[in-house]
Amino acid sequence: MSPVTVGLDGAGRAIIASAETTYKVRNLRRDPRATLCVFVEAFTGPWVQLEGTAEVVTLPEAMEPLVDYYQRLAGEHPDWDEYRRAMIADRRALIRITIERAGPDRQG
């Protein structure tokens, strides 16, 4: 597991941006099962574990989903052309995880 910034897309899938060359992308291409531990507020606060199947979307198909990811997490970018150039230079990919299970169902 590695720390990531996660959002939700319009279809309710967990979305993560990552460089295409990372181990997480390589591992998900080999085995698309994914587990996320998501902290709601802070590291010591409430959390939820999400499990599901991942899909890796790479450029050029990933560009507009990466724009959507940024907007959902940070709002408007001051220079979308610059953002798009950075996504290409960094070889960014978007990971979409269809959530199949979430928990824990109980506390304590």
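The sequence shown begins at 962 in the working numbering and counts up by one. Cβ coordinates follow ideal geometry from the N, Cα and C atoms, glycine included.
Which residues in the same chain have their Cβ closer than 7 angstroms to the Cβ of residue i, if we skip the five residues on either side of it in sequence?
{"i": "isoleucine 1049", "result": "Leu1020"}
{"i": "proline 1007", "result": "Val1001"}
Going by alpha carbons, who is nearest to residue i out of the options?
{"i": "valine 1001", "options": "Pro993, Val1017, Pro1026 and Gln1010", "result": "Gln1010"}
{"i": "leucine 969", "options": "Glu1061, Met1024 and Arg1057", "result": "Arg1057"}
{"i": "arginine 974", "options": "Pro1026, Arg1052, Tyr1044 and Lys985", "result": "Pro1026"}
{"i": "alanine 1003", "options": "Leu989, Thr1014, Glu1037 and Pro964", "result": "Pro964"}
{"i": "arginine 1052", "options": "Ala980, Met962 and Leu997", "result": "Ala980"}
{"i": "arginine 990", "options": "Ala1015, Ala972 and Asp1042", "result": "Ala1015"}
{"i": "alanine 1023", "options": "Gly1036, Thr1005, Ala1047 and Pro1039", "result": "Ala1047"}
From what residue to what residue does the alpha helix (DSSP H) around residue i run?
{"i": "arginine 1062", "result": "First-last for arginine 1062: 1053-1064, but that is the beta strand (DSSP E), not the alpha helix (DSSP H)."}
{"i": "valine 1028", "result": "1024-1035"}
{"i": "arginine 1045", "result": "1041-1050"}
Since residue i and residue j should fall inside the 8 angstroms C-beta cutoff, what is the C-beta to C-beta distance between them, to a whole number of angstroms?
{"i": "valine 1017", "j": "alanine 1054", "result": "6 angstroms"}
{"i": "tyrosine 1031", "j": "tyrosine 1044", "result": "7 angstroms"}
Could you spell out the range, first to last residue, of the beta strand (DSSP E) harbouring residue i?
{"i": "arginine 987", "result": "Arginine 987 -> not in any beta strand (DSSP E); alpha helix (DSSP H) instead, spanning 984-991."}
{"i": "glycine 1006", "result": "Note, glycine 1006: premise wrong, no beta strand (DSSP E); not H, not E."}
{"i": "alanine 1075", "result": "The structure shown does not extend to residue 1075, since the chain spans only 962 to 1069, so no value can be given for it."}
{"i": "threonine 996", "result": "994-1000"}
Go through its chain and collect everything with a Cβ distance to residue i's Cβ below 8 angstroms, but skip five positions before and after it.
{"i": "alanine 1063", "result": "Val1009, Gln1010, Leu1011 and Glu1012"}
{"i": "threonine 966", "result": "Ile977, Ala978 and Leu1034"}
Please confirm whether any heavy atom of the ligand SAM lies closer than 6 angstroms to the CB of residue i.
{"i": "asparagine 988", "result": "Summarising the ligand content, the structure contains no ligands, and the ligand SAM is consequently not present."}
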